[in-house]
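Student: Submitted below is the structure of interest, expressed as structure tokens.
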Amino acid sequence: TQLLEQSPQFLSIQEGENLTVYCNSSSVFSSLQWYRQEPGEGPVLLVTVVTGGEVKKLKRLTFQFGDARKDSSLHITAAQTGDTGLYLCAGAFGNFGNEKLTFGTGTRLTIIP
Amino acid sequence: DAGVIQSPRHEVTEMGQEVTLRCKPISGHNSLFWYRQTMMRGLELLIYFNNNVPIDDSGMPEDRFSAKMPNASFSTLKIQPSEPRDSAVYFCASSLGRGSTDTQYFGPGTRLTVL
Numbered sequence: 602t603q604l605l606e607q608s609p610q611f612l613s614i615q616e617g618e619n620l621t622v623y624c625n626s627s628s629v630f631s632s633l634q635w636y637r638q639e640p641g642e643g644p645v646l647l648v649t650v651v652t653g654g655e656v657k658k659l660k661r662l663t664f665q666f667g668d669a670r671k672d673s674s675l676h677i678t679a680a681q682t683g684d685t686g687l688y689l690c691a692g693a694f695g696n697f698g699n700e701k702l703t704f705g706t707g708t709r710l711t712i713i714p
Numbered sequence: 574d575a576g577v578i579q580s581p582r583h584e585v586t587e588m589g590q591e592v593t594l595r596c597k598p599i600s601g602h603n604s605l606f607w608y609r610q611t612m613m614r615g616l617e618l619l620i621y622f623n624n625n626v627p628i629d630d631s632g633m634p635e636d637r638f639s640a641k642m643p644n645a646s647f648s649t650l651k652i653q654p655s656e657p658r659d660s661a662v663y664f665c666a667s668s669l670g671r672g673s674t675d676t677q678y679f680g681p682g683t684r685l686t687v688l
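Residue numbers (this note's numbering), protein chains in the order written: chain A, 602 to 714; chain B, 574 to 688.
Below is the structure:
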């Protein structure tokens, strides 16, 4: 069973600060996705990274896939209250075209105004 | 587009009762996924379908759980008999294809409480 551990589990910071959350595994994934989930809703895809070492930016969010495709990080610059939510990483494994997603344990982020 | 539709949004039932959760995927999507989310275990894939055919049900906890997809626009997840440990939020998601890079669109979930 592929396991994805996210850290920290909980993070509470002031608006305007920067933060980084991590997603680690001992398994190699063909791709990795980051989702944000708000209370009472389903997860919403933020980004997919495929290539080892890949960096993608989405406004104030920067996502990086580890060189060995076993880990990833999400960095948020100048956090805003709208960034509050549960951040989930999900790694894909299996045969091409038939991959399954394994979700991480999640980081619950709270931005304090 | 209305997105993935799930019903009911909340279900409270007593142990031993049958529970049926329903999902309408996004029109035109070929893959449908059922997930379960709990505080202890996070988000787990239960089963997924491609073109209405079950592809992988290895995540289904036990025989009390069954899922069907009679047509491209409807799927059900049934628990019979239900147990308190089945209490969780159940999500349905759909995607255009079955690859890992295909975006999965999640429904709002059904919060199930088994007393």
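Backbone N, C-alpha and C define an ideal beta-carbon position, used for all residues, glycine too.
1) Do we get a CB-CB distance below 8 Å when we pair ASN696 (chain A) with the residues of chain B?
2) In chain order, what residues of the same chain lie with their CB nearer than 8 Å to the CB of TYR620 (chain A), ignoring the 5 residues before and after it?
3) Per DSSP, which one or two residues make a beta bridge with ASP672 (chain A)?
4) Note the first and the last residue of the continuous beta strand (DSSP E) segment covering ILE599 (chain B).
5) Just to make sure I have the definition right: I need the residues of chain A whose C-beta is within less than 7 Å of the C-beta of ASP629 (chain B). Which are they?
6) Kindly indicate which residue of B:ARG658, B:GLY589, B:VAL585, B:ILE578 has the alpha-carbon position closest to the one of TRP607 (chain B).
7) Name the two residues that bound the continuous beta strand (DSSP E) containing ASP629 (chain B).
8) Would you mind stating whether SER628 (chain A) and PHE694 (chain A) have Cβ atoms separated by less than 8 Å?
9) Please report the straight-line C-alpha distance between GLU656 (chain B) and LEU688 (chain B), rounded to a whole angstrom.
Tutor: In short, the structure shows the following:
1) no
2) Here the sequence assigns Leu to residue 620 (chain A), which means Tyr is not the residue at that position. Contacts found: LEU612, ILE614, HIS676, ILE677, ALA680, LEU710.
3) Per DSSP, A:ASN625.
4) Boundaries cannot be given for ILE599 (chain B), as no beta strand (DSSP E) includes it and DSSP labels it neither H nor E.
5) The contacting residues are LYS701.
6) B:ILE578
7) 626–629
8) yes
9) 8 Å
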